[in-house]
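Asks: Heads up: the sequence shown is residues 4 to 126, going by the numbering used here.
Glycine included, every Cβ here is placed at the ideal spot set by N, Cα and C.
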Amino acid sequence: MNKLFILTGSALGALAVALGAFGAHALKPMLEASNRLDTYETAVKYHFYHGLALILTGLLLHFYEHKLVGWAGYAFIAGIVLFSGSLYLLCFTGITKLGAITPLGGLAFIAAWIMLLVGVAKS
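#1: Alpha carbon to alpha carbon, how far is PRO106 from ARG39?
#2: Which whole-angstrom value describes the C-beta separation of GLY61 and PHE8, a residue pair presumed to lie in contact below a C-beta threshold of 8 Å?
#3: At what residues does the alpha helix (DSSP H) containing ILE9 begin and finish?
#4: Of the choices GLY82, CYS94 and LEU63, whose alpha-carbon is the least far from that of LEU22?
#5: What residue does the alpha helix (DSSP H) around LYS31 start on, and which one ends it?
#6: Specify, as a first and last residue, the run of the alpha helix (DSSP H) that THR60 falls within.
#7: Kindly list the residues whose CB is nearer than 6 Å to the CB of ALA81, restricted to its own chain and excluding five residues on each side of it in sequence; keep chain order.
#8: If you pair each beta-carbon of the region 40 to 47 with each one of the region 66 to 81, do three or more pairs fall below 8 Å?
#9: When you compare only the Cα positions, how much space is there between GLY102 and GLY109?
#10: Under 8 Å by Cβ, that's how I've got LEU64 and MET4 pegged, so tell me the actual separation to the nearest angstrom.
#11: Tell me which residues share the same chain as ILE58 and place their Cβ nearer than 6 Å to its Cβ, disregarding the 5 neighbours each side in the sequence.
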């Protein structure tokens, strides 16, 4: 599982950099016209931070084999998909109802950090 999280986090990190560059250059006029540049930047930031957190989780699993540490990794992935994914889709499609999904991703991020905390503490 730790290798899975490190590989997935690495791939998500590369994707975050690519999406960030794409947004800063190719999409910037479209995002500015729709007043979504800040939203897109938030999606990229959280995507990148939590991709790094996923790599850290994979490394921590080597030392702390508590099940909550593993669940934290899956929650980080869910958070990236739900939080950043919904914001990306909102920016690309303009469907504002997608914003209702974003808080679920935020909750997944919070749950992941708490599971990481408790899992390491209990190991």
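Replies: If we stick to the structure as given:
#1: In a straight line, the C-alpha of PRO106 is about 17 Å away from that of ARG39.
#2: Contact between GLY61 and PHE8 holds, since their C-beta atoms are separated by about 3 Å, short of 8 Å.
#3: From DSSP, the alpha helix (DSSP H) with ILE9 extends over 5 to 28.
#4: Selected option, being the one with the closest Cα: CYS94.
#5: Run containing LYS31: 31 to 36, per the alpha helix (DSSP H) assignment.
#6: Secondary structure note for THR60: its alpha helix (DSSP H) is the uninterrupted segment 40 to 66.
#7: Once the five neighbours on either side are set aside, the close Cβ partners of ALA81 are ALA111.
#8: Between the region 40 to 47 and the region 66 to 81 there are fewer than three C-beta pairs closer than 8 Å, too few to call the two in contact.
#9: When rounded, the distance between both Cα atoms is 12 Å.
#10: Yes, they are in contact, since the Cβ atoms of LEU64 and MET4 sit about 6 Å apart, within 8 Å.
#11: Sequence-distant partners of ILE58 (beyond 5 residues in either direction) whose C-beta falls short of 6 Å from its own C-beta, in its chain, are ILE9 and GLY12.
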